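Residue numbers (our numbering): 1 to 57.
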Amino acid sequence: MLFFHRTLTSYINTLIKTGFVIESIEEPKPSPEMLRKYPSFEEDFRCADFIVFKLKK
1 MLFFHRTLTS
11 YINTLIKTGF
21 VIESIEEPKP
31 SPEMLRKYPS
41 FEEDFRCADF
51 IVFKLKK
């Protein structure tokens, strides 16, 4: 699997430069059910695998 790691600064500045307004940012965490099924997801509470931006243009 190929990953493209970028800094949060890079994402946010690109969104701002292209005219978006950030309404909110979420870092989804695994549910208790997912943690029971996949205990290795515990580390995702420390460092999220995903980030979700709610934007307006």
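A virtual CB, placed ideally from N, CA and C, is assigned to each residue, including glycine. Computed from a prediction, not measured in an experiment: that's the story for all the values here.
C-alpha distance - residue i paired with residue j, whole-angstrom precision
i          : j          : result
residue 16 : residue 22 : 8 Å
residue 56 : residue 35 : 33 Å
residue 46 : residue 25 : 16 Å
residue 20 : residue 54 : 10 Å
residue 27 : residue 5  : 16 Å
residue 71 : residue 14 : Outside the shown range of the chain, which is 1 to 57, sits residue 71, and nothing can be said about it.
Residue i, DSSP secondary structure in three states
i          : result
residue 37 : helix
residue 30 : coil
residue 3  : coil
Residues that DSSP places opposite residue i in a beta bridge
i          : result
residue 53 : 25
Minimum C-alpha distance to residue i - residue among the options
i          : options           : result
residue 42 : 29, 13, 14 and 12 : 29
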